[in-house]
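Chains as they are written, first to last, in the working numbering: chain A, 1 to 473; chain B, 1001 to 1473.
Yeah, the Cβ is synthetic: ideal placement off N, Cα and C, and Gly gets one too.
Everything numeric in this text was worked out from a predicted model, so none of it was measured.
Worksheet: one structure, shown below.
Protein chains: 2
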Amino acid sequence: MEKLEALFDHIASRVNVNLSPMGVDVRSLLKNAIPRERHLLYYAFYALTEDHPISFQFSNSNLAGTYLLGKTLVDRSVLYKANIRGDELKRKGDIVEFNGVKTMLFYDEVIRIINSFLVKTLVHNHSKNPEVPEVFRILNTVAMHYSNIHGTTTEGVYLGAFSTADLSVMHNCIIGDFAYVQAGDLSRVTIEPGRVWVKANGLFEFNYIYPKGVVEKYVKLDDNGQLSGVFIDYVDEFKEDFIPIYSTATPELDIEVPESSYVSPYAVIKGDCEIGENTLIVQRAHVENSVIGRGANAQENCYIKNSIYEGNNVTAHGGKVIWTHNGKNVFVGFNSFVHGTKENQITIGRDSIIMPHTIIDAEEPIKIPVNSIVWGYVTKQEDLETQSMSLCDFAKSTGFTLGNATFTGDGKAFVEAFRHRISHIREENGSDYDGTDETRGHAQKTQDACFNILQPFQSGPEAGMYPTMTIGD
Amino acid sequence: MEKLEALFDHIASRVNVNLSPMGVDVRSLLKNAIPRERHLLYYAFYALTEDHPISFQFSNSNLAGTYLLGKTLVDRSVLYKANIRGDELKRKGDIVEFNGVKTMLFYDEVIRIINSFLVKTLVHNHSKNPEVPEVFRILNTVAMHYSNIHGTTTEGVYLGAFSTADLSVMHNCIIGDFAYVQAGDLSRVTIEPGRVWVKANGLFEFNYIYPKGVVEKYVKLDDNGQLSGVFIDYVDEFKEDFIPIYSTATPELDIEVPESSYVSPYAVIKGDCEIGENTLIVQRAHVENSVIGRGANAQENCYIKNSIYEGNNVTAHGGKVIWTHNGKNVFVGFNSFVHGTKENQITIGRDSIIMPHTIIDAEEPIKIPVNSIVWGYVTKQEDLETQSMSLCDFAKSTGFTLGNATFTGDGKAFVEAFRHRISHIREENGSDYDGTDETRGHAQKTQDACFNILQPFQSGPEAGMYPTMTIGD
């Protein structure tokens, strides 16, 4: 495994060049986060569909357990059980608009990941970066367990466990565990753990910081890359369910799925579930004893248990929804933990928004009124007084401080931006599919996907490394 | 499936250009041999090991169910459940000798398969062609079910079902069902079904032709590519056993295998089996209730049932050995059918050679003395009188006619050539492995193989086709 070891060294030095001035040294994280032999154990897989132009290319990389969809370039990187989804990459000839300036793409957008270490990271692209719109970049970056990278650039970044960089740019910065940033250029900035920061330049800014001690209870990553806390205990409980699926070349589903919907063969569907029309359940989603209503979807690393989705619901990457009744159009943001129990169930009224990185850990039954927005840390009904607001009131606001949250700017623009985004997600996912080409989304386009399984060398100096591969184009 | 259809057309026209002057039109064979949807169903897989230089490259091809090991190039070809084994390819810098002239390889030898249709064909290389030693060619060729191509060139060739071209050159020629040729340039030659022809220019020539009606009983391929006969009934019986193996990404063996041996995860081992040291059992071999003694091996498409191999036995590609006791060093050639039953068992004495394409279909117990050579069609003990000989007598012969067999030339050279070849096979397979690098063979080198699984597009005009892929180099 000499070459794999050298690759780890190489990545560490590349990342440290950018981040050590800020007091970060990723060397021991990289050394210890994942036992080396695990990098031999898992295979990468790569979907082929007629809708996604492919150009998969990598060399000198380790891709253990990684899922890739759409155009990609990866080299000298370690991707461990990451999900690299290129199904919203822009195409050659597309016209994109940034800040009112239109520009045309010279070639199909690609995902470039170079000298990076991504562990269980979700990379899903809908890039918003005017610098080079053809390249979705993630360079010299370390992204820890269950972090999300949604709209690059990135570059010399450290992302903590369960953290999210959303419609991001960024550059050599540090995102703490469970922090959420919408980003922009954050060069030389350190974002503390558990900060939720949504900012649109000149328009609005939302800020929330978790109370002291809360983040550590849910996510704690030590210097050796060992993760503990409620989140990891929760997801570890369901680890085993993925094993039979991932040891089968063409796993088969044991549940009825309407023709207009797609349930990935690499998702777990357990117990008594109902899958509606136009739904999308992607790989590494885990759904148990739940009803997924028409037009709803569940993204990577979602855990949905004993819950009802009335329809058109979105559960963003890493969202966990347990013993919860979701009205129509309810949106649950990235890595949110909506954790009811049989005794203490949660009800979320229609059109409500659970912001990214919200924890609702019910110690009593909790009822969220229709058309609400919820953020932060909620364990009791009364917590909603300072951690939520009606979306009508929010839209009228020009600024407020409520509990640990502050908002400045145009409330209407904030609400509209959110609504616009949710409707974009639904559209992309094919929620409104009516049989026409224009309404086809991921649920329909991914249906005929087949999977290439790629395994690393198992012995010798190359053990754990993949051969150079070029697929497509 | 427009592109796949066009590919079939293209292959048919390329092959017919060479073969239609000889009265062959492969168009309806290609159209009907395999239902089109099957080409979508099966995946190709490709082994990575540290010992086999790889450069897998293909485009516009269908590879349904095909296994590839070692350097390859394939394009505009249909390979259906073929085994393409490149584990004896020569390497850059190797010195090869042909007819006393030495030459050095400029680059690693590759397998080139272009505009060909190979169905369940075994391609295993140990090429003997001085024309271009760097390229193992099979161009514009149609090879039907369970045919074997062992040492190319080939080129504009039609190979019938269960036929074998061994240390071959050939060029636009026709090899009938179940015919075996050692080859050389056979341009514009038609080999009738069931002919077994071994020739070394200027040294010796062996010829056997099956009695009228026998070949048809065992193998019959109609103009529509539909196969019938005892052979196909026999192998079809065990088809189901391969399904669970081929639907698993990393199939696991349920049997104890010594460290010095290799049993492919894509072989079937059923019932009560014993696997000795230094044995090799490759993909698509089927072994049931048998003892595979030290240093023995079973090649692709072998079926071994209720049999004992005392040790150092070779069963060449497609050999079937049922209710047979094999003494030490017994060799069973390509596609031979050594078919005993519980009541009518077969015993083969040590050091004996069952020639390629021999049928021993026992209607009574049959005992083959030590150090014999057997050929042709044997159903009773007395048939051995005209279908076998002691190897000592053969070595003294300068020519004979016996039943349907004729031999001319130097018997000693013939026996020595065979012995030399068998010992080469054993050596290559690692039968004599003693822990040293020099004695490592396939059994040892393939141990850490891991498998890339490649699936074709499932829908749209590209359905059944593979994307352009380059792996390695």
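9 Å Cβ cutoff, residue i in contact with chain B
i             : result
residue 474/A : Residue 474/A lies beyond the stretch modelled for chain A, which goes from 1 to 473, so this question has no answer here.
residue 247/A : yes
residue 373/A : no
residue 243/A : no
residue 50/A  : yes
residue 283/A : no
residue 474/A : Because chain A in this structure spans residues 1 to 473, residue 474/A falls outside the shown range and cannot be described.
residue 86/A  : no
residue 472/A : yes
residue 250/A : yes
residue 425/A : no
Three-state secondary structure (DSSP) of residue i
i              : result
residue 1085/B : strand
residue 1331/B : strand
residue 1090/B : coil
residue 76/A   : coil
residue 1030/B : helix
residue 40/A   : helix
residue 277/A  : coil
residue 111/A  : strand
residue 59/A   : strand
residue 1415/B : helix
residue 1231/B : helix
residue 385/A  : helix
residue 255/A  : coil
residue 1237/B : coil
residue 1439/B : helix
residue 12/A   : helix
residue 1396/B : helix
residue 18/A   : helix
residue 4/A    : helix
Opposing strand residues paired with residue i [DSSP bridges]
i              : result
residue 243/A  : Per DSSP, none; premise fails for residue 243/A.
residue 1197/B : 1181/B, 1207/B
residue 54/A   : According to DSSP, residue 54/A bridges with nothing at all.
residue 1326/B : 1309/B, 1348/B
residue 1450/B : 1048/B
residue 1377/B : 1359/B
residue 287/A  : 269/A, 304/A
residue 1368/B : 1348/B
residue 337/A  : 320/A, 359/A
residue 1390/B : 1372/B
residue 124/A  : 85/A
residue 1097/B : 1102/B
Residue-chain proximity (residue i, chain A), Cβ-Cβ < 9 Å
i              : result
residue 1447/B : yes
residue 1067/B : no
residue 1467/B : yes
residue 1083/B : no
residue 1121/B : no
residue 1054/B : yes
Inter-residue CB distance, residue i and residue j (contact presumed, cutoff 8 Å)
i              : j              : result
residue 1011/B : residue 1080/B : Not really, about 12 Å apart at Cβ, beyond 8 Å.
residue 96/A   : residue 356/A  : That pair is no contact at about 24 Å.
residue 183/A  : residue 170/A  : 5 Å
residue 1019/B : residue 1158/B : 6 Å
residue 309/A  : residue 443/A  : Not confirmed; about 14 Å, so no contact.
residue 1307/B : residue 1326/B : 7 Å
residue 1149/B : residue 1123/B : 5 Å
residue 373/A  : residue 384/A  : The pair is not a contact, with the Cβ atoms about 11 Å apart (cut-off 8 Å).
residue 1146/B : residue 1161/B : 6 Å
Beta-carbon neighbours of residue i, restricted to chain D and to distances below 8 Å
i              : result
residue 1111/B : Going by chain labels, chain D is absent from the structure shown, which instead holds the protein chains A and B.
Near-chain A residues of the stretch 1428-1458 of chain B (beta-carbon distance less than 9 Å), N- to C-terminal order: Listed in sequence order: 1447, 1448, 1449, 1450, 1451, 1452, 1453, 1454, 1455, 1456, 1457, 1458.
What are the residues of the stretch 16-44 of chain A that lie near chain B, defined by any Cβ-Cβ distance shorter than 7 Å? Those residues of the stretch 16-44 of chain A that come within reach of chain B (Cβ to Cβ, closer than 7 Å) are 43.
Under 7 Å (Cβ pairs) to chain A, residues found in the stretch 1386-1410 of chain B: Within the stretch 1386-1410 of chain B, no residue has a Cβ that lies closer than 7 Å to any Cβ of chain A.
In the stretch 1300-1324 of chain B, which residues sit with their C-beta less than 9 Å from some C-beta in chain A, listed in chain order? Answer in chain order: no residues at all.
Residues of the stretch 171-203 of chain A whose Cβ lies closer than 8 Å to any Cβ of chain B, in chain order: Cβ contacts with chain B come from no residue of the stretch 171-203 of chain A.
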